[in-house]
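Scroll down for the structure; my scribbles are underneath it.
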């Protein structure tokens, strides 16, 4: 296994742990987006560019926006 | 149950899961050496049989084309379901209030954010079309390109008053695009049945492998999926955005 693969795997582990450790939901979403990007880089390095593209589409666009809009709804209900 | 006991049970279960995962990983085939015959068989099959250089497109739209049809319809019904649920929760006047509130919010959006949104929307649109159109040649295709296209429209929304979303995102057009994309996929599947004897069978000329117009029905299917996915995501997001702009307590 090359150094590149090990580095990408370490990045995934690091950003995944960071996502769990951040407690504020709005900040957590941003960190989760970076986690998704790390996953995409890892997939790309492992020779799966199709999966990497899907990962970017889902984790950088679809999930953060939908979760953010849900958070807005919750904040407003709390007011 | 006290927290200490609960923690002990959780740690024991996690340790067990960790050991099981480790054992499972040790039994994996070496990286790049899959055990089954399919992974190595699928590349010449896609290249010679379907004339596509992206083996993933060959698998998605030929070998398991019917599964992809099912996935299409799942996304379609999910978008319709979300829209029906969200719309039934609000009246027309509420929606008009929401639009006004959006304009107020757009005034407060920082100018750099709006400028960046306006500047990136065009290049993203081109990138999305590129990814959809080259689905049979390079990684990517209808699903990924469709989401990129949807995010371009989303950036227009973020750009706020720089460009009016109402003009770029007429709701009936988005709904029609979503339905047309899903319908087109079904029609191409049926076209195989009519012209070639089996559902999803290719009935268009293959062209020269590696060129933009090659692979028979696959580029057409990719375009259908791209339109459908883009329509579905824009529809769901715009319904959620309208919902987020509503404030029930002062209505």
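Chains as they are written, first to last, in this note's numbering: chain A, 1 to 79; chain B, 1 to 251.
Built from N, CA and C at the ideal position, the CB exists for glycine as well.
Remember, predicted model here, so these are calculated numbers, not experimental data.
Problem set entry | Residue burial classification, residue 214 of chain B (beta-carbon count within 10 angstroms, cutoff 16) | Indexing the second chain from 1 puts residue 214 of chain B at position 214. Buried.
For this session: Find the residues of chain A that neighbour residue 136 of chain B, judging by a C-beta separation of less than 9 Å, and give them in chain order.
Result: The residue given as residue 136 of chain B occupies position 136 in the second chain. Residues of chain A passing the Cβ test: none, with the nearest at roughly 12 Å.
Exercise. For the putative contact between residue 157 of chain B and residue 241 of chain B, defined by C-beta atoms under 8 Å, what is the C-beta separation to the nearest angstrom?
Worked result: Numbered from 1 along the second chain, position 157 holds the residue referred to as residue 157 of chain B. Numbered from 1 along the second chain, position 241 holds the residue referred to as residue 241 of chain B. Between residue 241 of chain B and residue 157 of chain B the Cβ distance is about 7 Å, and since that is below 8 Å, they are a contact.
Exercise. Helix, strand or coil: how does DSSP classify residue 89 of chain B here?
Worked result: Here residue 89 of chain B is taken as the residue at index 89 of the second chain, counted from 1. Here residue 89 of chain B carries a coil assignment [DSSP, helix/strand/coil].
Problem set entry | Straight-line Cα distance separating residue 11 of chain B from residue 250 of chain B | Within the second chain, the letter at position 250 stands for residue 250 of chain B. Within the second chain, the letter at position 11 stands for residue 11 of chain B. Low confidence applies to residue 250 of chain B: its pLDDT is 41, below 50, so where it sits in the model is not reliable, and the reading given next is rough at best. Cα-Cα distance, rounded: 48 Å.
Exercise. So, using beta-carbon positions, are residue 155 of chain B and residue 121 of chain B closer together than 8 Å?
Worked result: As a working mapping, residue 155 of chain B is identified with position 155 in the second chain. As a working mapping, residue 121 of chain B is identified with position 121 in the second chain. Their beta carbons are under 8 Å apart, which means residue 155 of chain B touches residue 121 of chain B by this criterion.
Problem set entry | Min CB distance residue 49 of chain A to chain B below 8 Å | Numbered from its first residue, the first chain carries residue 49 of chain A at position 49. Cβ-Cβ to chain B under 8 Å: yes for residue 49 of chain A.
For this session: Mark residue 139 of chain B as exposed unless 16 or more other C-beta atoms lie within 10 angstroms of its C-beta, in which case mark it buried.
Result: Numbered from 1 along the second chain, position 139 holds the residue referred to as residue 139 of chain B. Classification for residue 139 of chain B: buried.
Problem set entry | Start-to-end residues for the alpha helix (DSSP H) that takes in residue 42 of chain A | For the purposes of this step, residue 42 of chain A is taken as the residue at position 42 of the first chain. Where residue 42 of chain A is concerned, the enclosing alpha helix (DSSP H) stretches over 25 to 45.
Problem set entry | Contact the region 215 to 226 of chain B vs the region 57 to 70 of chain B: 3+ CB pairs below 8 Å | By the criterion of at least three beta-carbon pairs nearer than 8 Å, the region 215 to 226 of chain B is in contact with the region 57 to 70 of chain B.
Exercise. Can you find a CB in chain A that lies within less than 8 Å of the CB of residue 243 of chain B?
Worked result: Here residue 243 of chain B refers to the residue found at position 243 when the second chain is read from its first residue. Among the residues facing chain A, residue 243 of chain B is included, as its CB has a counterpart in that chain under 8 Å away.
Exercise. Would DSSP call residue 171 of chain B helix, strand or coil?
Worked result: On the second chain, position 171 is the one that residue 171 of chain B refers to. In this structure, residue 171 of chain B counts as helix in the three-state DSSP scheme.
For this session: Using a cut-off of 7 Å between C-beta atoms, extract the partners of residue 84 of chain B located in chain A.
Result: Residue numbering aside, residue 84 of chain B sits at position 84 when the second chain is read from its first letter. Against chain A, the beta carbon of residue 84 of chain B has no neighbour under 7 Å; the closest one sits roughly 17 Å away.
Problem set entry | residue 14 of chain B, DSSP secondary structure in three states | Counting from 1 along the second chain, the entry for residue 14 of chain B is found at position 14. Of the three classes helix, strand and coil, the one that applies to residue 14 of chain B here is helix, per DSSP.
Problem set entry | Under 9 Å from the C-beta of residue 69 of chain A: neighbouring residues of chain B | Stepping through the first chain from its first residue, residue 69 of chain A is reached at position 69. Listed by position along chain B, the residues whose Cβ is nearer than 9 Å to that of residue 69 of chain A are 237, 240, 241, 243, 244.
Exercise. Under three-state DSSP, which class holds residue 195 of chain B?
Worked result: The residue you call residue 195 of chain B lines up with position 195 of the second chain. Under the three-state reduction of DSSP output, residue 195 of chain B falls in the helix class.
For this session: Drop a sphere of 10 angstroms on the beta-carbon of residue 239 of chain B, count the other beta-carbons inside from all chains shown, and report buried for 16 or more, exposed for fewer.
Result: Start at 1 with the first residue of the second chain, and residue 239 of chain B comes out as number 239. For residue 239 of chain B, the number of other beta carbons within 10 angstroms of its own is at least 16, and it is reported as buried.
Exercise. Can you give the beta carbon distance from residue 146 of chain B to residue 233 of chain B, rounded, assuming they're within the 8 Å contact cut?
Worked result: Locating residue 146 of chain B in the second chain gives position 146, counting from the first residue. Locating residue 233 of chain B in the second chain gives position 233, counting from the first residue. 7 Å between Cβ atoms; contact.
Exercise. Beta-carbon of residue 43 of chain B versus every beta-carbon of chain C: anything under 8 Å?
Worked result: Within the model displayed, chain C is absent; protein chains A and B are what it includes.
For this session: Tell me whether residue 219 of chain B is buried or exposed, calling it buried when 16 or more other Cβ atoms sit within 10 Å of its Cβ.
Result: Looking up residue 219 of chain B in the second chain gives position 219. If you draw a 10 Å sphere on the C-beta of residue 219 of chain B, you find 16 or more other C-beta atoms in it, and that means buried.
For this session: Tell whether a beta-carbon distance below 8 Å holds between residue 222 of chain B and residue 141 of chain B.
Result: On the second chain, position 222 is the one that residue 222 of chain B refers to. On the second chain, position 141 is the one that residue 141 of chain B refers to. Contact: yes.
Exercise. Is it a yes or a no for the region 59 to 66 of chain A touching the region 29 to 45 of chain A, going by three-plus beta-carbon pairs under 8 Å?
Worked result: A contact exists between the region 59 to 66 of chain A and the region 29 to 45 of chain A.
For this session: May I ask you to report which of helix, strand or coil DSSP gives residue 252 of chain B?
Result: Since the first residue of chain B shown is 1 and the last is 251, residue 252 of chain B is not available in this structure.
Exercise. Hey, does residue 65 of chain A have any beta-carbon neighbour from chain B nearer than 8 Å?
Worked result: Translated into positions along the first chain, residue 65 of chain A becomes position 65. With 8 Å as the cut-off, residue 65 of chain A counts as an interface residue toward chain B.
Exercise. In three-state terms, what does DSSP make of residue 249 of chain B?
Worked result: Position 249 of the second chain, counting from 1, holds the residue named residue 249 of chain B. With a pLDDT of 40 at residue 249 of chain B, under the threshold of 50, the modelled position of this residue cannot be trusted, and the question is left open.
Exercise. Under a three-way DSSP split, which group does residue 213 of chain B fall into?
Worked result: Against the second chain, residue 213 of chain B aligns to sequence position 213. Reduced to three states, the DSSP call for residue 213 of chain B is coil.
Exercise. What does residue 54 of chain A touch in chain B if you count any residue whose Cβ is under 7 Å from its own?
Worked result: Position 54 of the first chain, counting from 1, holds the residue named residue 54 of chain A. Within chain B, the residues whose beta carbon sits less than 7 Å from that of residue 54 of chain A are 143, 144, listed in sequence order.
For this session: Closer than 6 Å by C-beta to residue 19 of chain B: which residues in its own chain qualify, once you throw out the five before and the five after it? Chain order, please.
Result: Reading the second chain from its first residue, position 19 is the one you call residue 19 of chain B. So no residue of the chain qualifies.
Problem set entry | Reduced DSSP secondary structure (H/G/I, E/B, other) of residue 53 of chain B | Translated into positions along the second chain, residue 53 of chain B becomes position 53. Secondary structure at residue 53 of chain B: coil, using DSSP grouped into helix, strand and coil.
Exercise. Would the region 174 to 183 of chain B and the region 64 to 81 of chain B be scored as touching if the rule is three or more Cβ pairs under 8 Å?
Worked result: Counting C-beta pairs with one atom in each stretch, the region 174 to 183 of chain B and the region 64 to 81 of chain B have three or more that are closer than 8 Å, which means they touch.
Exercise. Of all the CB atoms in chain A, is at least one closer than 8 Å to the CB of residue 139 of chain B?
Worked result: The count along the second chain starts at 1 and reaches residue 139 of chain B at position 139. At a cut-off of 8 Å between C-beta atoms, residue 139 of chain B counts as an interface residue with respect to chain A.
For this session: Mind reading off the beta-carbon distance from residue 53 of chain B to residue 208 of chain B? Whole number of angstroms is fine, and I expect it under 8 Å.
Result: Residue numbering aside, residue 53 of chain B sits at position 53 when the second chain is read from its first letter. Residue numbering aside, residue 208 of chain B sits at position 208 when the second chain is read from its first letter. Between residue 53 of chain B and residue 208 of chain B a beta carbon distance of about 11 Å is seen, past the 8 Å cut, so the two are scored as non-contacting.
Exercise. Would you report the Cα separation of residue 116 of chain B and residue 88 of chain B, rounded to the nearest angstrom?
Worked result: On the second chain, residue 116 of chain B is found 116 positions in, with the first residue counted as 1. On the second chain, residue 88 of chain B is found 88 positions in, with the first residue counted as 1. Taking the straight line joining both Cα atoms gives about 34 Å.
For this session: Determine, using beta carbons only, whether residue 10 of chain A comes closer than 8 Å to chain B.
Result: The residue given as residue 10 of chain A occupies position 10 in the first chain. For residue 10 of chain A, the answer is no, since every Cβ of chain B falls outside 8 Å of its Cβ.
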